[in-house]
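Number of protein chains: 2
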Amino acid sequence: MKAIVNVYLKEGVLDPQGKAAHHALGSLGFDNVSDVRIGKQIILTLKATDKAAVEAEVKEMTETLLANTVIEDYSIEISE
Amino acid sequence: MKAIVNVYLKEGVLDPQGKAAHHALGSLGFDNVSDVRIGKQIILTLKATDKAAVEAEVKEMTETLLANTVIEDYSIEISE
Chain A
106 MKAIVNVYLK EGVLDPQGKA AHHALGSLGF DNVSDVRIGK QIILTLKATD KAAVEAEVKE
166 MTETLLANTV IEDYSIEISE
Chain B
106 MKAIVNVYLK EGVLDPQGKA AHHALGSLGF DNVSDVRIGK QIILTLKATD KAAVEAEVKE
166 MTETLLANTV IEDYSIEISE
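Structural data, given as structure tokens:
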């Protein structure tokens, strides 16, 4: 099974990488952009086959290692 | 409008960050994981309202700045 974990900074947390990209896009003439936020997308391939068990395990992995839940939020999608 | 750009390394390109996360998950006892790939998720907020125009513009931004198309692939989703 595959699990996609999207990890992004919480609202209100400064995102310097996003700010830099925003600025660079402006310099290149893309004036339509009003905000840029940059997060991580983690794609896990797992051997297990039970969707509910995989979801619980991936949640545990995310909270233990993949995301810093003090400043980051995350979402998890499980697919075959 | 919002645009979500997912940028990930092409198949076959070594992903050291993913390998490190995979190894760390193994050390923590998560033995079910057979592969980890880590990419970027870029969330753009745009002032324009025409979906087709936004999609074309975001594609140009991605190819110019946000992704390195030599080693990275990307996908774009546009939402209201």
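Sequences listed follow chains A and B, in order.
Counted the way the working numbering counts, the first sequence spans residues 106 to 185.
Counted the way the working numbering counts, the second sequence spans residues 106 to 185.
Using N, Cα and C, we set each Cβ at its ideal position, and we do this for glycine too.
Secondary-structure assignment with DSSP links A:Gly123 through no beta bridge to anything.
By the Cβ neighbour-count rule, B:His128 is exposed, with fewer than 16 other Cβ atoms within 10 Å of its own. Taking every protein chain shown into account, the CB of B:Asn111 has 16 or more other CB atoms within 10 angstroms, so this residue is buried. When secondary structure is reduced to three states using DSSP, B:Lys107 falls in the strand class. Pairing A:Met166 with B:Leu130 gives a Cβ-Cβ distance under 9 Å.
Following the DSSP letters along the chain, one finds A:Lys145 inside the beta strand (DSSP E) bounded by residues 138-151. Collapsing the DSSP output to three states places A:Leu114 in a strand.
Contact annotation, A:Gly123 with A:Ile147: C-beta distance approximately 18 Å; criterion of less than 8 Å not satisfied. With respect to chain B, the C-beta atom of A:Asn173 has no partner C-beta closer than 9 Å.
Here the alpha carbon of B:Glu160 sits roughly 34 Å from the alpha carbon of A:Val159. Chain-order list of chain A residues neighbouring B:Lys164: empty, with the shortest C-beta distance near 12 Å, by a criterion of under 7 Å.
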